[in-house]
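Peer 1:
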Amino acid sequence: MTQPHITVRDLTMAYGSFVLQRDLNFAINRGDIFVVMGGSGCGKSTLLRHLIGLNEPAQGEVLYEEESFTRAGPERRQQLMRRIGVLYQSGALWSSLTLAENVAVPLEEFTDLKRAEIDEVASLKLALVGLKGFEEFYPSQISGGMQKRAGLARAMALDPEVLFFDEPSAGLDPLSSRRLDELIVELRDSLGATIVIVTHELPSIFAVGTNSIFLDAETRTMIAMGVPTELRDHSDNPTVRRFLRRGENGHE
Amino acid sequence: MTASTASLAFEQTGDGTLLVRLRGRWRLHSGVPSAEPVERELTSHHRPRALAFDVAALGEWDTSVVTFLGRVEQVCERHGITVDRSGLPTGVQRLLALAEAVPEAADARGEQVDEGLLERIGVTTLEARESVLEVLGFIGDVVLALGRFLVGKARYRKADLWILIQQTGVEALPVVALVSFLLGLILAFVGAVQLQSFGAAIYVADLVGVAMARDTGALIAAIVMAGRSGAAFAAQLGSMRVNQEIDALATTGISPIEFLVVPRVVALVLMMPLLTLYADVVGMLGGMLVGISMLDLSFTQYFQQTVSAVSMGSAIGGVFKGGVYGVLIALAGCLRGMQSGRSASAVGDAATSAVVTGIVAIIAAAGAFSVIFYVLGI
Numbered sequence: 004m005t006q007p008h009i010t011v012r013d014l015t016m017a018y019g020s021f022v023l024q025r026d027l028n029f030a031i032n033r034g035d036i037f038v039v040m041g042g043s044g045c046g047k048s049t050l051l052r053h054l055i056g057l058n059e060p061a062q063g064e065v066l067y068e069e070e071s072f073t074r075a076g077p078e079r080r081q082q083l084m085r086r087i088g089v090l091y092q093s094g095a096l097w098s099s100l101t102l103a104e105n106v107a108v109p110l111e112e113f114t115d116l117k118r119a120e121i122d123e124v125a126s127l128k129l130a131l132v133g134l135k136g137f138e139e140f141y142p143s144q145i146s147g148g149m150q151k152r153a154g155l156a157r158a159m160a161l162d163p164e165v166l167f168f169d170e171p172s173a174g175l176d177p178l179s180s181r182r183l184d185e186l187i188v189e190l191r192d193s194l195g196a197t198i199v200i201v202t203h204e205l206p207s208i209f210a211v212g213t214n215s216i217f218l219d220a221e222t223r224t225m226i227a228m229g230v231p232t233e234l235r236d237h238s239d240n241p242t243v244r245r246f247l248r249r250g251e252n253g254h255e
Numbered sequence: 047m048t049a050s051t052a053s054l055a056f057e058q059t060g061d062g063t064l065l066v067r068l069r070g071r072w073r074l075h076s077g078v079p080s081a082e083p084v085e086r087e088l089t090s091h092h093r094p095r096a097l098a099f100d101v102a103a104l105g106e107w108d109t110s111v112v113t114f115l116g117r118v119e120q121v122c123e124r125h126g127i128t129v130d131r132s133g134l135p136t137g138v139q140r141l142l143a144l145a146e147a148v149p150e151a152a153d154a155r156g157e158q159v160d161e162g163l164l165e166r167i168g169v170t171t172l173e174a175r176e177s178v179l180e181v182l183g184f185i186g187d188v189v190l191a192l193g194r195f196l197v198g199k200a201r202y203r204k205a206d207l208w209i210l211i212q213q214t215g216v217e218a219l220p221v222v223a224l225v226s227f228l229l230g231l232i233l234a235f236v237g238a239v240q241l242q243s244f245g246a247a248i249y250v251a252d253l254v255g256v257a258m259a260r261d262t263g264a265l266i267a268a269i270v271m272a273g274r275s276g277a278a279f280a281a282q283l284g285s286m287r288v289n290q291e292i293d294a295l296a297t298t299g300i301s302p303i304e305f306l307v308v309p310r311v312v313a314l315v316l317m318m319p320l321l322t323l324y325a326d327v328v329g330m331l332g333g334m335l336v337g338i339s340m341l342d343l344s345f346t347q348y349f350q351q352t353v354s355a356v357s358m359g360s361a362i363g364g365v366f367k368g369g370v371y372g373v374l375i376a377l378a379g380c381l382r383g384m385q386s387g388r389s390a391s392a393v394g395d396a397a398t399s400a401v402v403t404g405i406v407a408i409i410a411a412a413g414a415f416s417v418i419f420y421v422l423g424i
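Chains as they are written, first to last, in our numbering: chain A, 4 to 255; chain B, 47 to 424.
(1) What residue range does the alpha helix (DSSP H) around B/SER389 cover?
(2) Determine the extent of the beta strand (DSSP E) in which B/THR40 is found, giving its start and end residues.
(3) Measure the beta-carbon distance from A/LEU14 to A/GLY63 and round it to whole angstroms, keeping in mind my assumption that it falls under 8 Å.
(4) Sort out for me which residues DSSP pairs A/SER215 with in a bridge.
(5) So with Cβ pairs under 8 Å, would you call A/ARG85 a contact of chain B?
(6) Could you check whether the stretch 360–375 of chain B touches the stretch 165–172 of chain B, counting it as contact only if at least three pairs of C-beta atoms, one from each stretch, sit closer than 8 Å?
(7) Ignore the nearest five residues each way along the sequence and tell me which others in B/GLY413's own chain have a CB closer than 6 Å to its CB.
(8) So which residues of chain A does B/ALA296 contact, with C-beta pairs closer than 9 Å?
(9) Look up B/MET47 in the DSSP assignment and say whether it is helix, strand or coil.
(10) Check whether the stretch 220–230 of chain A and the stretch 185–201 of chain A are in contact - that is, three or more C-beta pairs closer than 8 Å.
(11) Compare the beta carbon distance of B/LEU331 and B/ALA267 with 8 Å and say whether it is the shorter of the two.
(12) Taking C-beta to C-beta, are A/LEU57 and B/ALA296 nearer than 8 Å?
(13) If you draw a straight line from the alpha carbon of A/LEU131 to that of A/PHE137, how long is it in whole angstroms?
(14) Residues of the stretch 320–347 of chain B in Cβ contact with chain A at a cutoff of 9 Å, in chain order, please.
(15) When the Cβ atoms of the stretch 279–297 of chain B are set against those of the stretch 251–271 of chain B, are three or more pairs found closer than 8 Å?
(16) Does DSSP put A/GLN24 in a helix, in a strand, or in coil?
(17) Report buried or exposed for B/ALA81, applying the criterion of at least 16 other Cβ atoms within 10 angstroms of its Cβ.
(18) Does B/LEU64 pass the burial test, meaning 16 or more other C-beta atoms within 10 Å, or should it be called exposed?
(19) Among residues of its own chain, excluding the 5 on either side of B/LEU194, which ones have a beta-carbon nearer than 6 Å to its beta-carbon?
(20) Looking only at its own chain, which residues have a Cβ that is under 7 Å from the Cβ of B/LEU141, when we skip the five neighbours before and after it?
(21) Near A/THR10, what residues of its chain come up, given a Cβ to Cβ distance below 6 Å and the 5 sequence neighbours on each side ignored?
(22) By the 10 Å Cβ neighbour count, where 16 or more other Cβ atoms means buried, how is B/LYS204 classified, buried or exposed?
(23) My output table needs one value for B/ARG67: the three-state DSSP class, helix, strand or coil.
(24) Roughly how many angstroms separate the alpha carbons of B/CYS380 and B/MET334, rounded to a whole number?
(25) For A/VAL22, decide whether its Cβ has a neighbour in chain B, counting only Cβ atoms nearer than 8 Å.
(26) Using a C-beta to C-beta distance shorter than 9 Å, which residues of chain A count as neighbours of B/ASP252?
(27) Can you list, in chain order, the stretches of the beta strand (DSSP E) that have 3 or more residues and sit fully within the stretch 82–134 of chain B?
(28) Where do the ends of the beta strand (DSSP E) carrying A/THR15 lie?
(29) Quick check on DSSP: helix, strand or coil for A/THR224?
(30) Which of the three DSSP states, helix, strand or coil, is assigned to A/PHE167?
(31) Which chain A residues sit within Cβ distance under 7 Å of B/GLY168?
Below is the structure:
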């Protein structure tokens with residue numbers, strides 16, 4: 004039995020005295036495409052911010068391979084963070100830099116590559132997400148879907164072991180969203196990365212998810228965990244079933 | 047089509063039902079009729095048991111009908127009268143049903159707890175403490191990052207620094223020139239009126255020269271830059287926060303303070319002394335214009351008088367002050383930008399707040415400098 008890649012232990016997330024989610028316990032295995040799902044406002048994106056260290060847990064901790072990320076010192080945390088890549092909802096490209104420069108920043112900072120090599124790697128990463136030839140474009144000059152893909156290229160710059168996606172299909176047309184799903188699976192298979200996706204897009208959830216948790220806004224905790232398609236067909240929780248069947252009763 | 051404006055008519059039917067007739071065109075832009083006539087009708091005569099509607103004469107209608115009916119139903123609920131909707135157009139009935147489909151969320155309106163005076167003082171004090179700690183923490187982070195910058199370890203892009211230097215330096219020259227020239231002019235005018243009556247018009251050169259060099263040049267450059275660059279910094283960093291660009295820096299393992307704040311502080315610290323010197327000279331030229339054109343002084347006279355009045359020490363003091371103001375402007379702008387909320391209006395607030403914080407800090411520092419320089423005898 005391999006050890007889980009990311010473990011979340013007794014995590015409580017709160018803004019001040021307002022508790023968003025409590026007692027979250029789950030493990031993400033290496034190579035999983037792990038989906039965090041739930042209705043709007045249940046704390047999905049906040050959970051992601053906790054996993055990547057942007058928010059501090061009110062209680063509990065996040066572990067990367069048995070090592071506490073939450074209790075790590077700032078130096079160690081930076082090292083751990085270098086092994087993860089994040090694709091933000093809006094792409095979050097640095098607007099004053101071209102696409103190639105965006106991808107190059109992490110390479111400049113954390114590798115000893117020469118200028119020409121960095122440019123080469125940046126072009127390669129852009130080509131991987133289908134943006135060959137867009138190196139010199141600024142983020143404002145390309146469409147939302149392209150920004151997202153460029154954001155993915157930047158997230159992959161340092162060949163991360165874990166890739167986080169915050170609502171990858173939000174704002175994309177069905178075809179682009181499908182292509183992104185395929186890209187995600189492709190990346191997992193070729194890079195061997197663990198992938199964590201926050202989303203409520205049912206087609207994506209069923210297409211790519213190998214494991215998932217369901218956060219409930221009402222009870223403020225996770226109410227289901229498992230393979231999404233199995234949860235849809237066999238979950239004993241009515242909220243989860245309703246969500247995964249889009250409110251339709253299905254074959255009961 | 048029937049009568050053009052919305053109107054109401056009432057009729058008591060035999061079985062204790064009040065029939066409300068809606069007539070005419072009900073359009074939102076001509077206002078929503080009040081439910082008061084209905085209430086009067088309900089309370090005046092013998093009380094009806096139920097309310098029904100007749101819409102035979104109703105012309106075009108929109109939300110105004112639905113809003114009006116909402117009011118009427120509230121009135122009826124208060125008086126315990128049942129409402130029969132069957133006489134209404136189907137569209138209206140469905141809209142009313144839709145509006146009632148989801149009950150009001152229990153906590154949607156937010157509880158307006160009436161806080162006592164003591165509680166409010168307490169909360170405000172705690173918030174003030176919180177914000178002071180935040181400011182101190184930010185300053186501490188910037189100082190550490192500047193330290194890393196000085197030993198060449200900070201992570202930032204040199205190209206960004208050069209662009210910032212251009213934006214806060216060369217591009218600010220015209221507006222700084224305009225404002226300081228006019229200020230020199232004003233100082234000279236104010237002085238001329240007083241000094242002429244003593245026949246000491248030549249001392250206008252001293253007045254303008256000393257004032258610009260010691261304080262005013264730095265102050266005016268700083269206030270212009272607080273409005274120009276301080277606001278720009280806050281807006282830039284604020285919109286980067288909205289767009290999650292700052293989060294992206296943090297998760298890439300790059301300190302946003304080093305990458306974004308340090309170049310801005312450094313750019314202003316380098317440019318503000320130069321701008322101050324520039325403002326000093328341009329301000330003195332403004333004074334000279336008044337001296338030559340109004341007070342019949344010659345260029346040489348005015349120049350000599352200025353040179354003898356302005357000491358090197360006071361000019362250097364002014365330039366030093368300019369550098370300090372530069373730090374304050376950059377810190378205020380970056381702090382407010384980093385604290386910005388995640389919405390378009392929050393970015394606007396951040397820019398406003400950056401200018402206010404910057405100017406207050408500048409004036410407070412100017413006051414402190416006056417006392418310190420006086421005590422030190424500079």
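For each residue, glycine too, the CB sits at the ideal point set by N, CA and C. No experiment lies behind these values; they were computed from the predicted model shown.
Peer 2: The relevant details are as follows:
(1) Counting along the chain, B/SER389 falls outside any alpha helix (DSSP H), and DSSP gives it neither H nor E.
(2) Because chain B spans 47 through 424 in this model, residue 40 of chain B falls outside it and cannot be assessed.
(3) 4 Å
(4) A/VAL38 and A/GLY229
(5) yes
(6) no
(7) none
(8) ILE55, GLY56, LEU57 and MET84
(9) For B/MET47, the pLDDT reaches just 45, beneath the cut-off of 50, and the residue's location in the model is therefore unreliable, leaving the point undetermined.
(10) no
(11) no
(12) yes
(13) 12 Å
(14) none
(15) no
(16) strand
(17) buried
(18) buried
(19) The displayed chain sequence assigns Arg, not Leu, to residue 194 of chain B. Excluding positions up to five away in sequence, the list reads ALA200.
(20) VAL112
(21) ALA30 and LEU66
(22) exposed
(23) strand
(24) 38 Å
(25) no
(26) Within 9 Å Cβ-Cβ: nothing; B/ASP252 doesn't reach chain A, min ~47 Å.
(27) 96–100, 104–107 and 128–130
(28) 9–18
(29) strand
(30) strand
(31) In chain order: nothing, as chain A lies at least about 15 Å away.
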